[in-house]
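K.L.:
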Amino acid sequence: MVKFQCSIAINLVLLQRLLALVASQSFDFFYFVQQWPGSYCNTKQSCCYPTTGKPAVDFGIHGLWPNRNNGSHPYDCYPKKPFNLSEISDLESSMQKDWPTLACPSSDGQNFWSHEWKRHGICSESVLDQHAYFKTALGLKQKANLLQALKNAGITPGGSYSLKSIHNAITESAGYTPWIECNKDSSGNYQLYQIYLCVDTSGSKLIKCPVFPKGTCSSEIEFPSF
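Residues 17 to 242, numbered by the numbering used here, are exactly what the sequence shown covers, in order.
Written out as structure tokens, the structure is:
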């Protein structure tokens, strides 16, 4: 009888852990985040170009991040499969172009991609395996051509623009309101840093953001050259 009760107790503990694991990995949408390299570099900490050379003058992918409608995000996602470069060998040249690293010291980007997979991508593995995860993000970048959307509205690097005009330009192009993240240049001025768009759980289409992150921008922000 004692062994039977112990067995039930153990099974209940395992069930609770399993339910907690499922809950920790569930998500409602993705944040698709693109970063302006000029703003990454135009800070006190500066930046380092990849070993492959200076990236193109364009927004680069930061990540595709699973998120929940209440503003939380998945955590402690298992199994913790390691990043495997061989699984995305056919995407590597596109990754170097559209998902470059600017962190110091200079590198080929593998550490950046590995971090994004282990921190975010693995939490969406029930929908997107490693190859599909990176391929989906690359496809979303082509679909949401942010630099062209801004240029079409007369917003080009090297100037200062109203936050509202940047919102409007991207909304008109993408069909949905973005969230704009600012950082500060070495003089303390706000500048356009990252642009968030929301994507459905399949990674196939843009959607209205259920919730936005928190952060501060001024009404007028810089769009620095790169």
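The beta carbon of each residue, even a glycine, is placed where N, CA and C say it ideally should be. Every value quoted in this text rests on a predicted model; they were computed, and no experiment measured them.
Going by other Cβ atoms of all chains shown within 10 Å of its Cβ, with 16 needed for buried, is Gly-175 buried or exposed?
P.N.:
Gly-175 should be labelled exposed.
K.L.:
Note the first and the last residue of the continuous alpha helix (DSSP H) segment covering Pro-53.
P.N.:
Residues 53-57.
K.L.:
Give the DSSP-derived three-state secondary structure of Gln-146 in the structure shown.
P.N.:
Three-state DSSP puts Gln-146 in a helix.
K.L.:
Beta-carbon within less than 8 Å of Leu-144's beta-carbon, same chain only, minus the 5 sequence neighbours each way: which residues are those?
P.N.:
Within the same chain, Leu-144 has close Cβ partners Gly-137, Thr-152 and Gly-219.
K.L.:
Can you name, in chain order, every residue of its own chain whose Cβ lies under 6 Å from the Cβ of Ala-160, other than the five neighbours on each side?
P.N.:
Closer than 6 Å at Cβ, skipping near neighbours: Ala-190 and Leu-213.
K.L.:
Which one or two residues does DSSP pair with Pro-82 in a beta bridge?
P.N.:
Pro-82 is bridged to Phe-46.
K.L.:
I'd like to know whether the C-beta atoms of Gly-125 and Pro-66 end up nearer to each other than 9 Å.
P.N.:
Yes; because the gap between Cβ atoms is below 9 Å, this pair is in contact.
K.L.:
Would you tell me roughly how many angstroms separate the C-alpha atoms of Trp-133 and Trp-115, rounded to the nearest one?
P.N.:
Their Cα atoms are separated by approximately 13 Å.
K.L.:
Please state whether the Cβ-Cβ distance between Phe-43 and Thr-217 is less than 9 Å.
P.N.:
It is a contact, given that the beta carbons lie within the stated cut-off.
K.L.:
Quick one: grab the DSSP three-state call for Phe-242.
P.N.:
Coil, per DSSP.
K.L.:
Going by the CB atoms, is the gap between Ser-142 and Phe-99 shorter than 9 Å?
P.N.:
The answer is no: Cβ separation not under 9 Å.
K.L.:
Which two residues bound the contiguous beta strand (DSSP E) that contains Ser-178?
P.N.:
It spans 175-178 - the beta strand (DSSP E) in which Ser-178 sits, taken as one unbroken run.
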